[in-house]
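Below is one structure; the comments refer to it alone.
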Amino acid sequence: MELLEEKKNKNRKYEPILEGIPDWPVYQLSKNRKEFIELVTQQSIIRIKALRPTRKQLIDDLEATAYREQNRIKRNRWRVDPKDDSRFWSYVKNELVELSSKDPETTGPIVDALLEKIVNRYANEIAGNFKPNSYRFTREVVKFWFQRLLNGARVKKFGAFFRNQYTLRDKIQVVGKVRMLRDLAKKGTVIMVPTHFSNLDSILIGWVIHAVGLPAFIYGAGLNLFNIKIFAYFMNSLGAYKVDRRKKNLPYLETLKMYSSLAIQKGAHSLFFPGGTRSRSGLIEKQLKLGLLSTAIEAQRNLYQQTPEGEVRKIFVVPVTLNYNFVLEAPDLIEDYLQVKGQDKYFPEQDKYGSMELLRFMFKFFTKGSNISVSIGPGLDVMGNYVDEAGNSLDPQGRIIDTRGYFISNGSITDDKQREDEYTRMLSQRIVSEYHRINRVFASHLAAFVAFEMWQKNILNWICSTCYACRKKTWNWTITNTARPLNGFEKGFTN
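Per the numbering used here: the sequence shown = residues 1 to 495.
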């Protein structure tokens, strides 16, 4: 059945589910960008104060934030960082130092103002800015140049560069539950959660979303991508919001999660990589980052609270696996993996690729007989239950269930962090399970795996034979040079 569905998807052209860009949720979000950022700021402040209820706890957290940010600026600065970064965080540090000399009763408004400035700055850094004209231009440029490269490479003639014999659909195989994805996008808000192997993933998924007729999604794109100018242009025009993995402080993380949660609540289809970063080993993710994933559950609960009775816009999670024969960053990803495994340390990403390296890789990729596979999994609700094409949640026996009940305690919908943390873990486990179920294996993957296993076996045999030879030499030397009986240590050594 699934093979039949894959054949139907191949080279099929899908009509857009929403004709006009002004009807797209991401456009509405960007149109009211200023108001949305203000909402994110205020809601984030409320959340942070709830997590740090005393004045001392809040000040301690702000001091830790300022220290970490100044450390980041000194040790790991990126081109894409704001020009006034150093000046702003020096100002924050000085304000916090001056608090110690003031009356504790008068510090409240100062701390609140400082927190608001920090959170608002983070919200502006994170926020995307979808532009319809830039989106259309980017979409056509990507299609045109990729198609030109593809035709020139396949036909091997200069004139073929200007033909349309082959399309991106011949190169990029979109398989799986495409029809279900389209149906769910009409009935609710879709959150795509793909695997992550390359910096190309964001652009690839953007093309797939367009190819299957869906409106643009908001992206959670790593800020490191914006260091590459050509990526920065594409990401900005596609409405990507920025995720800076260097920032681990509470105000930033809560602002990021609030941005995601509120955008989902407003109906914006969303996409983020739950693995957190590109897979260094090439393995499919087994442990997902739960931060952004938890925002889907929070958003669904808030939607139920805002609509006590009647129909509620549901949130659907769709696992997606991406497969390449090779990726641009493979040498550095392998090196990172070996360093981490060998030295048990974390090494921050240092992307050495600029726009020219990316263009060279694109040319290599499209001139080789290499394909990309995008496998779309079945829809899930925010608890990890399967859903049907009508959006109904199903229990393990296939019976329709109402997910509102998951959030009810003592007769009403309640905010229970411990309960929702458990739901997030359940959802992450289901996503990982689906990754392994829907993933496609290329011949290059199988060949590399078999070759590595054979190499490991040969190395093991060599070690065993070497150890045996050493043991034999040691035994002969001991017998020749030692007249006395062997002691315990010598027996252990020779054995």
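Backbone N, C-alpha and C define an ideal beta-carbon position, used for all residues, glycine too. If you're wondering where the values come from, they're calculated on a predicted model, not measured in any experiment.
Per DSSP, reduced to three states, the secondary structure at LYS257 is helical. For LEU256, the closest C-alpha among the options ASN227, TYR219 and LEU238 is that of TYR219.
Annotation: the continuous beta strand (DSSP E) that includes VAL318 extends over 314-323. Taken through DSSP and simplified to helix, strand or coil, TYR386 comes out as strand. With a beta-carbon spacing of about 4 Å, TYR14 and GLY213 fall inside the 8 Å limit used to define contacts. For the pair TYR122 and PHE449, the Cα-to-Cα distance works out to about 43 Å.
Secondary structure at LEU238: coil, using DSSP grouped into helix, strand and coil. Secondary structure of PRO308 (DSSP, three-state): coil. Just measuring C-alpha positions, the residue of ILE172, ILE191 and LYS186 sitting nearest ILE203 is ILE172. Look at PRO16 here: in three-state DSSP terms it is coil, with no helix or strand label. Taking 3 residues as the minimum length, the beta strand (DSSP E) runs contained wholly in the region 268-309 are 270-272, in order along the chain. The bridge partners DSSP lists for GLN173 are SER373.
Contact between the region 428-446 and the region 273-285 is present: three or more C-beta pairs spanning the two stretches fall below 8 Å. Secondary structure at GLY411: coil, using DSSP grouped into helix, strand and coil.
The criterion of a C-beta distance shorter than 9 Å is satisfied by GLY188 and LYS314. Here THR189 carries a strand assignment [DSSP, helix/strand/coil]. Excluding its 5 nearest sequence neighbours in each direction, LEU250 has C-beta neighbours in its own chain below 6 Å: ASP61, listed in chain order.
For GLY379, there is no enclosing beta strand (DSSP E), as DSSP marks it with neither H nor E.
By the Cβ-count criterion, ARG12 is exposed, with fewer than 16 other Cβ atoms from all chains shown falling within 10 Å of its own Cβ. Pairing HIS269 with LYS102, the inter-Cα distance amounts to about 47 Å. Membership of ALA221 in any alpha helix (DSSP H) is not indicated; the residue belongs instead to the beta strand (DSSP E) covering 218-222. In the three-state reduction of the DSSP assignment, LEU394 falls in the strand class.
Judged by DSSP in its simplified three-state form, PRO104 adopts helix.
DSSP, reduced to helix, strand and coil, places ILE21 within a helical segment of the structure shown.
Under DSSP, ILE73 takes part in no beta bridge, so it has no partner.
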